[in-house]
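Contents: one structure, followed by commentary.
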Amino acid sequence: MPPQSTRTNAQSPSSSFNPQEQSVYIIRHGDRWDYQHPEWKETAERKGDPSLSSLGHEQARQAGGFLDQLFVQEGIHAEQITLLSSPFLRTIQTSNELLAEMKLTKCKGSTCSAADSIKIQPEFSVFEVDLRGQGYHASLPPQMNERQCYFPRIDGDYQTMFVPSLPEDKDQFFDRCDSAMEHIARNFPCDNEKHPVIIVVTHAACCIGLVKSAAGLELED
47 MPPQSTRTNA QSPSSSFNPQ EQSVYIIRHG DRWDYQHPEW KETAERKGDP SLSSLGHEQA
107 RQAGGFLDQL FVQEGIHAEQ ITLLSSPFLR TIQTSNELLA EMKLTKCKGS TCSAADSIKI
167 QPEFSVFEVD LRGQGYHASL PPQMNERQCY FPRIDGDYQT MFVPSLPEDK DQFFDRCDSA
227 MEHIARNFPC DNEKHPVIIV VTHAACCIGL VKSAAGLELE D
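Taking the working numbering, the leading residue of the sequence shown gets 47, the next gets one more, and so forth.
Below is the structure:
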């Protein structure tokens, strides 16, 4: 954080926003609780699904404040923003903290803000990589309504674009990131006022894979 952005026909941040362009902000979750408190895993029931640390919560709020100011500067309305989040707790928490800071980004023709109106759409296609069989994904709750009880911004009606097959090797993981970006482009096309801003809250490896795919670069680049 601040977020990494991929934009077609990119402009400088000081220029006005062109609704025909689409910006994709790919954000890694904040610092993990078990990075600060490694002893947590000794008794945790869901070892692969840690919370954010205090630092992680602060990082998420800072990212939200950064985006809030940027969207106000570029004339973005809350209705133009789509937020996709990995279903892991740390990414949901990051998304929730981020949105809570977006109070200046308003709905069009209304006083409501992005903090009040934008939903978190749980997207499994951008969840954590598991290259060595660590079993992270076994820690996910069986149903997202458990998350929704504590994070009411979650959109319970949203249907994930696809659920990756596990286990996956390195090549399969990067293929998955390519497929995720293709699905985002297809499911959320930019058409005038529709979907000009996509925020993806994900994990470190996915940030690399998604940016690689969106920018059309090789991994070495």
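Ideal Cβ placement from N, Cα and C applies to all residues, glycine included.
Cα-Cα separation between residue i and residue j, rounded to whole angstroms
| i | j | result |
| --- | --- | --- |
| ASP114 | PRO96 | 27 Å |
| ALA90 | ASP215 | 27 Å |
| LYS87 | GLY181 | 13 Å |
| GLY94 | LEU177 | 14 Å |
Cut-off 6 Å between Cβ atoms - residues of its own chain near residue i, not counting five sequence neighbours on either side
| i | result |
| --- | --- |
| TYR81 | none |
| PHE220 | GLY255 |
| GLY110 | LEU144, GLU147, MET148 |
| GLY202 | GLN194 |
Three-state secondary structure assigned by DSSP to residue i
| i | result |
| --- | --- |
| ARG92 | coil |
| SER159 | strand |
| ILE164 | coil |
| VAL247 | strand |
| TYR204 | coil |
| ASP237 | strand |
| VAL272 | No answer is possible for residue 272: the residues shown for the chain start at 47 and end at 267. |
| ARG193 | helix |
Beta-carbon gap between residue i and residue j smaller than 8 Å
| i | j | result |
| --- | --- | --- |
| THR206 | PHE234 | no |
| ILE122 | VAL243 | yes |
Cβ distance (whole Å) where residue i is taken to contact residue j below 8 Å
| i | j | result |
| --- | --- | --- |
| LYS174 | SER132 | Sequence check: residue 174 is Glu here, not Lys. Indeed they touch by this definition, with Cβ atoms about 7 Å apart. |
heavy atom of the ligand SAH below 7 Å from residue i C-beta
| i | result |
| --- | --- |
| TRP86 | By its list of ligands, the structure shown contains no ligand whatsoever, and the ligand SAH lies outside what it can speak to. |
Own chain, CB closer than 8 Å to residue i, minus 5 neighbours either side, in chain order
| i | result |
| --- | --- |
| THR248 | ILE72, ILE73, ARG74, HIS75, SER131, SER132, THR137, VAL172, PHE173, LEU256 |
Sequence-distant residues of the same chain with beta carbon closer than 7 Å to residue i, five excluded per side
| i | result |
| --- | --- |
| ARG78 | PRO96, LEU98, SER99, GLY102, ARG136 |
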